[in-house]
Amino acid sequence: MTIRLLLADDQKVVRAGFRALLEDEPGLEIVAEARDGLEAVELATKYQASIVLMDVRMPRLDGIEATRRLTKAGTDSPDVIVVTTFDDDEYVYGALRSGAAGFLLKDTPAETLVNAIRAVDAGHGLIMPQVTRRVISRFAALSPDPGRTGDLDALTPRERDVLVQVARGGSNAEIARALFVEEATVKSHVSSILLKLGLQSRVQAVICAYETGLVTAGGR
(Lines of atoms letter the chains of each structure in order from A and count residues from 1; the text may use other names and numbers.)
(Lines give C-alpha, C1' and ligand atoms only; values in the text may rest on other atoms or scores of the structure.)
Protein backbone atom coordinates (compact mmCIF):
# COMPACT_ATOMS: atom_id res chain seq x y z
CA MET A 1 0.00 0.00 0.00
CA THR A 2 1.28 3.46 -0.90
CA ILE A 3 2.39 5.69 1.99
CA ARG A 4 0.74 9.08 1.50
CA LEU A 5 2.99 11.89 2.75
CA LEU A 6 2.25 15.48 3.69
CA LEU A 7 5.16 17.90 4.06
CA ALA A 8 4.55 20.64 6.63
CA ASP A 9 7.18 23.38 6.87
CA ASP A 10 6.98 27.16 6.55
CA GLN A 11 10.16 27.25 4.45
CA LYS A 12 9.58 26.43 0.81
CA VAL A 13 13.21 25.41 0.31
CA VAL A 14 12.91 22.79 3.07
CA ARG A 15 9.76 21.34 1.54
CA ALA A 16 11.46 21.27 -1.85
CA GLY A 17 14.42 19.45 -0.35
CA PHE A 18 12.24 16.75 1.19
CA ARG A 19 10.29 16.43 -2.05
CA ALA A 20 13.50 15.94 -4.01
CA LEU A 21 14.58 13.20 -1.58
CA LEU A 22 11.28 11.38 -1.44
CA GLU A 23 9.20 11.77 -4.57
CA ASP A 24 10.97 9.05 -6.56
CA GLU A 25 10.98 6.50 -3.74
CA PRO A 26 8.81 3.45 -4.54
CA GLY A 27 5.76 3.15 -2.36
CA LEU A 28 5.82 6.81 -1.28
CA GLU A 29 3.55 9.56 -2.62
CA ILE A 30 3.67 13.22 -1.61
CA VAL A 31 0.01 14.24 -1.61
CA ALA A 32 0.29 17.81 -0.32
CA GLU A 33 2.48 20.52 1.21
CA ALA A 34 1.51 22.78 4.11
CA ARG A 35 3.03 26.14 5.06
CA ASP A 36 1.84 26.15 8.67
CA GLY A 37 0.14 24.00 11.28
CA LEU A 38 -3.39 24.97 10.35
CA GLU A 39 -2.82 23.96 6.74
CA ALA A 40 -1.19 20.73 7.92
CA VAL A 41 -4.27 19.73 9.91
CA GLU A 42 -6.64 20.70 7.11
CA LEU A 43 -4.69 19.10 4.25
CA ALA A 44 -3.84 15.92 6.16
CA THR A 45 -7.56 15.29 6.48
CA LYS A 46 -8.44 16.43 2.99
CA TYR A 47 -5.83 14.27 1.27
CA GLN A 48 -5.97 11.36 3.76
CA ALA A 49 -2.26 11.50 4.48
CA SER A 50 -0.68 8.43 6.08
CA ILE A 51 2.25 10.34 7.57
CA VAL A 52 2.95 14.03 8.14
CA LEU A 53 6.53 15.29 8.24
CA MET A 54 5.94 18.16 10.66
CA ASP A 55 8.15 21.16 11.35
CA VAL A 56 7.80 22.65 14.82
CA ARG A 57 8.24 26.40 14.49
CA MET A 58 5.58 27.57 12.03
CA PRO A 59 3.26 30.59 11.84
CA ARG A 60 -0.44 30.62 12.81
CA LEU A 61 -0.26 27.19 14.47
CA ASP A 62 2.96 25.50 15.59
CA GLY A 63 3.79 21.88 14.95
CA ILE A 64 3.14 20.82 18.53
CA GLU A 65 -0.48 21.93 18.55
CA ALA A 66 -0.97 20.69 15.00
CA THR A 67 0.34 17.27 16.09
CA ARG A 68 -1.98 17.26 19.09
CA ARG A 69 -5.00 18.05 16.92
CA LEU A 70 -4.15 15.36 14.39
CA THR A 71 -3.44 12.59 16.90
CA LYS A 72 -6.61 13.36 18.86
CA ALA A 73 -8.61 12.46 15.78
CA GLY A 74 -8.28 8.75 16.58
CA THR A 75 -7.35 5.66 14.60
CA ASP A 76 -7.93 7.28 11.20
CA SER A 77 -5.50 10.12 11.91
CA PRO A 78 -2.08 10.16 10.23
CA ASP A 79 1.14 9.43 12.08
CA VAL A 80 3.31 12.48 12.68
CA ILE A 81 7.08 12.56 12.40
CA VAL A 82 8.47 15.76 13.88
CA VAL A 83 11.38 17.13 11.86
CA THR A 84 13.45 19.90 13.39
CA THR A 85 16.94 20.99 14.55
CA PHE A 86 19.02 20.34 17.65
CA ASP A 87 18.19 23.71 19.25
CA ASP A 88 14.52 22.82 19.64
CA ASP A 89 14.77 20.77 22.87
CA GLU A 90 11.73 22.26 24.57
CA TYR A 91 9.70 21.72 21.43
CA VAL A 92 10.84 18.10 21.27
CA TYR A 93 9.30 17.19 24.62
CA GLY A 94 6.05 18.98 23.83
CA ALA A 95 5.79 17.31 20.45
CA LEU A 96 6.42 13.84 21.85
CA ARG A 97 3.82 14.35 24.55
CA SER A 98 1.41 15.52 21.88
CA GLY A 99 1.49 12.12 20.21
CA ALA A 100 4.25 12.33 17.60
CA ALA A 101 5.24 8.86 16.42
CA GLY A 102 8.81 9.86 15.68
CA PHE A 103 11.42 12.57 15.75
CA LEU A 104 14.08 13.33 13.14
CA LEU A 105 16.60 16.05 12.40
CA LYS A 106 16.37 18.19 9.28
CA ASP A 107 19.82 17.06 8.15
CA THR A 108 18.80 13.40 8.26
CA PRO A 109 20.37 11.43 5.37
CA ALA A 110 17.92 10.41 2.66
CA GLU A 111 18.21 6.69 3.40
CA THR A 112 17.55 7.24 7.11
CA LEU A 113 14.56 9.45 6.35
CA VAL A 114 13.00 6.86 4.04
CA ASN A 115 13.63 4.05 6.53
CA ALA A 116 12.09 6.15 9.28
CA ILE A 117 8.94 6.78 7.25
CA ARG A 118 8.57 3.08 6.50
CA ALA A 119 9.19 2.17 10.15
CA VAL A 120 6.53 4.55 11.42
CA ASP A 121 4.09 3.36 8.77
CA ALA A 122 4.68 -0.18 10.04
CA GLY A 123 3.79 0.93 13.55
CA HIS A 124 7.27 1.40 15.00
CA GLY A 125 7.76 4.77 16.67
CA LEU A 126 11.27 6.13 16.59
CA ILE A 127 13.66 8.84 17.60
CA MET A 128 17.04 9.23 15.98
CA PRO A 129 19.85 7.83 18.18
CA GLN A 130 21.43 11.28 18.66
CA VAL A 131 18.11 12.66 19.85
CA THR A 132 17.23 9.57 21.89
CA ARG A 133 20.16 10.25 24.20
CA ARG A 134 19.01 13.83 24.77
CA VAL A 135 15.38 12.89 25.33
CA ILE A 136 16.13 9.96 27.63
CA SER A 137 18.66 11.95 29.66
CA ARG A 138 16.10 14.71 30.07
CA PHE A 139 13.40 12.36 31.38
CA ALA A 140 15.85 10.26 33.38
CA ALA A 141 16.84 13.40 35.27
CA LEU A 142 13.27 14.02 36.37
CA SER A 143 11.86 12.72 39.62
CA PRO A 144 8.92 10.33 39.06
CA ASP A 145 5.53 11.97 39.33
CA PRO A 146 3.74 10.32 42.30
CA GLY A 147 0.41 11.19 40.73
CA ARG A 148 1.17 9.02 37.71
CA THR A 149 2.40 5.81 39.32
CA GLY A 150 -1.16 4.47 39.38
CA ASP A 151 -1.20 4.59 35.58
CA LEU A 152 0.71 1.30 35.57
CA ASP A 153 -1.85 -0.62 37.65
CA ALA A 154 -3.67 -1.74 34.52
CA LEU A 155 -0.59 -3.50 33.14
CA THR A 156 0.24 -7.15 33.70
CA PRO A 157 3.72 -8.01 35.05
CA ARG A 158 4.79 -9.11 31.56
CA GLU A 159 3.53 -5.87 30.03
CA ARG A 160 5.58 -3.95 32.58
CA ASP A 161 8.64 -5.96 31.55
CA VAL A 162 7.99 -5.09 27.92
CA LEU A 163 7.51 -1.41 28.77
CA VAL A 164 10.86 -1.37 30.57
CA GLN A 165 12.54 -2.78 27.47
CA VAL A 166 10.76 -0.28 25.22
CA ALA A 167 11.96 2.56 27.47
CA ARG A 168 15.50 1.29 27.15
CA GLY A 169 15.24 1.62 23.40
CA GLY A 170 14.77 -2.02 22.44
CA SER A 171 13.22 -2.97 19.12
CA ASN A 172 10.54 -5.66 19.04
CA ALA A 173 13.13 -8.21 17.94
CA GLU A 174 15.55 -7.22 20.71
CA ILE A 175 12.82 -7.32 23.34
CA ALA A 176 11.73 -10.75 22.12
CA ARG A 177 15.27 -12.06 22.56
CA ALA A 178 15.64 -10.46 26.00
CA LEU A 179 12.36 -11.89 27.28
CA PHE A 180 12.56 -15.23 25.42
CA VAL A 181 9.27 -14.75 23.57
CA GLU A 182 8.19 -14.45 19.94
CA GLU A 183 8.38 -11.06 18.24
CA ALA A 184 4.65 -11.26 17.48
CA THR A 185 4.03 -11.60 21.22
CA VAL A 186 6.01 -8.42 21.87
CA LYS A 187 3.98 -6.56 19.25
CA SER A 188 0.80 -7.71 20.94
CA HIS A 189 2.06 -6.57 24.35
CA VAL A 190 3.09 -3.16 23.00
CA SER A 191 -0.33 -2.64 21.43
CA SER A 192 -1.99 -3.61 24.71
CA ILE A 193 0.26 -1.23 26.68
CA LEU A 194 -0.60 1.70 24.43
CA LEU A 195 -4.31 0.91 24.64
CA LYS A 196 -4.37 0.52 28.42
CA LEU A 197 -2.32 3.65 29.06
CA GLY A 198 -4.17 5.76 26.49
CA LEU A 199 -1.00 6.49 24.50
CA GLN A 200 -0.67 7.16 20.79
CA SER A 201 2.86 6.01 20.17
CA ARG A 202 5.80 3.95 21.34
CA VAL A 203 7.65 7.18 22.02
CA GLN A 204 4.97 8.29 24.46
CA ALA A 205 5.35 4.93 26.19
CA VAL A 206 9.02 5.73 26.82
CA ILE A 207 8.07 9.04 28.39
CA CYS A 208 5.41 7.34 30.52
CA ALA A 209 7.92 4.78 31.80
CA TYR A 210 10.17 7.54 33.10
CA GLU A 211 7.42 9.78 34.43
CA THR A 212 5.87 6.95 36.42
CA GLY A 213 9.21 5.83 37.83
CA LEU A 214 9.07 2.40 36.19
CA VAL A 215 12.45 3.24 34.65
CA THR A 216 14.96 5.61 36.23
CA ALA A 217 18.50 6.68 35.50
CA GLY A 218 20.80 3.77 36.21
CA GLY A 219 18.14 1.05 36.46
CA ARG A 220 14.49 0.23 37.16
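So the sequence shown is residues 1 to 220, counted in the UniProt record's numbering.
All residues carry an ideal CB built from backbone N, CA and C; glycine is no exception.
- In this structure, Ile-193 sits near Glu-159, with a CB-CB distance shorter than 8 angstroms.
- Per DSSP, Thr-156 has no beta-bridge partner at all.
- Taking the Cα of Ser-188 as reference, the smallest distance to any Cα among Leu-28, Arg-69 and Leu-163 is reached at Leu-163.
- Bounds of any beta strand (DSSP E) do not take in Arg-69; it lies within the alpha helix (DSSP H) bounded by 63–71.
- If you draw a 10 Å sphere on the C-beta of Asp-79, you find 16 or more other C-beta atoms in it, and that means buried.
- Here the C-alpha atom of Asp-10 lies approximately 27 angstroms from the C-alpha atom of Gly-123.
- In the three-state reduction of the DSSP assignment, Arg-4 falls in the strand class.
- For Thr-108, the closest of Val-120, Thr-84, Val-190 and Ala-95 by C-alpha to C-alpha distance is Thr-84.
- DSSP places Val-181 outside both helix and strand once states are collapsed to three, so it counts as coil.
- Excluding the 5 residues flanking it on each side, Pro-59 has same chain C-beta neighbours closer than 7 angstroms at Asp-10 and Asp-36, in chain order.
- The alpha-carbon of Ala-205 is positioned some 8 angstroms away from that of Val-166.
- In the DSSP assignment, Ala-44 falls within the alpha helix (DSSP H) that extends over 37–46.
- With contact defined as three or more Cβ pairs closer than 8 angstroms, the region 37–49 and the region 13–23 are not in contact.
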